[in-house]
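J.: One structure follows; several queries about it will come next.
Numbering (our numbering), first residue to last: 3 to 237.
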């Protein structure tokens, strides 16, 4: 009987913890995020850039941090006062500056000549995170994100070219934030911070054709990470 009483008490404690009213157990929301980050696995890549001068090759590396903007919608389901899940659908734009150094294959050296190019990426991101609210005023979260790369290009002062993406990728997500609630207007909003580490290379592995019949290079293994500052409004 004592064991049954203890089990009943345990379930009763869970029931009290799950005392969030039905109308507040699920929230829809909208979010805007600013992204600041960089690149990892930033290794040189080589490729013949001219039919007439096949001894010259280039290496592309990320020169500056990434900047981006993300807009999305989300659904947050609270299992109880502490545990919940949030799923999102976000449209993301990311930009980063690349630096290209000319490589002489015959001498096996990189020359002092450098060029800058701009990489732009459009993607559709689907994060799913476990959200913990140990206190009504703040939250912690972690999970994974599916990345669907939609489009992108690399351009410099003279040229612009498209390249083949790894269409599907995934990222690790870690975050935290603070809530604010206005009971008169029934308005719930939050300010959050999130670290997203992309685990998938941007370009498809292989040879990238830049100008048809004229120039080629190896695909870059470049991966990105970003730190997000977001503002979310819940309905």
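Idealized CB from N, CA, C, for every residue including glycine.
(1) Drop a sphere of 10 angstroms on the beta-carbon of residue 129, count the other beta-carbons inside from all chains shown, and report buried for 16 or more, exposed for fewer.
(2) Cutting at 8 Å between CB atoms, please list the residues of its own chain near residue 154, excluding the five before and the five after it.
(3) What does DSSP give as the partner residues of residue 72 in its beta bridges?
(4) Return the CA-CA distance between residue 195 and residue 178, expressed in angstroms with no decimal places.
(5) How is the beta strand (DSSP E) around residue 43 delimited, first residue to last?
(6) Going by the CB atoms, is the gap between residue 31 and residue 69 shorter than 7 Å?
(7) Leaving out five residues before and five after residue 66 in sequence, what residues of the same chain have Cβ atoms less than 6 Å from its Cβ?
(8) Quick check on the DSSP output: the beta strand (DSSP E) that includes residue 192 runs from which residue to which?
(9) Please report the straight-line C-alpha distance between residue 53 and residue 119, rounded to a whole angstrom.
(10) How about residue 39: is its Cβ closer than 6 Å to a heavy atom in the ligand PLP?
(11) Classify residue 122 as helix, strand or coil using the three-state DSSP reduction.
(12) Note the first and the last residue of the continuous beta strand (DSSP E) segment covering residue 153.
(13) Looking only at its own chain, which residues have a Cβ that is under 6 Å from the Cβ of residue 41, when we skip the five neighbours before and after it?
(14) Report the three-state DSSP secondary structure of residue 169 (helix, strand or coil).
(15) Does the beta-carbon distance from residue 80 to residue 27 come in below 7 Å?
(16) Specify, as a first and last residue, the run of the beta strand (DSSP E) that residue 228 falls within.
T.: Well, looking at it:
(1) buried
(2) 121, 122, 123, 124, 164, 165, 167, 204
(3) Paired residues: 35, 94.
(4) 6 Å
(5) Residue 43 -> no beta strand (DSSP E), and no H or E assigned at all.
(6) no
(7) 99
(8) For residue 192, the uninterrupted beta strand (DSSP E) segment begins and ends at 189-200.
(9) Per-residue confidence for residue 53 stands at a pLDDT of 49, beneath the threshold of 50, marking its modelled position as unreliable; the derived number appears in the next sentence. One C-alpha to the other measures close to 21 Å.
(10) No copy of the ligand PLP occurs in the structure displayed, which carries no ligand at all.
(11) strand
(12) 140-157
(13) Correct list, in chain order: 64, 224, 226.
(14) coil
(15) yes
(16) In the DSSP annotation of this structure, the continuous segment of the beta strand (DSSP E) that includes residue 228 starts and ends at 225-236.
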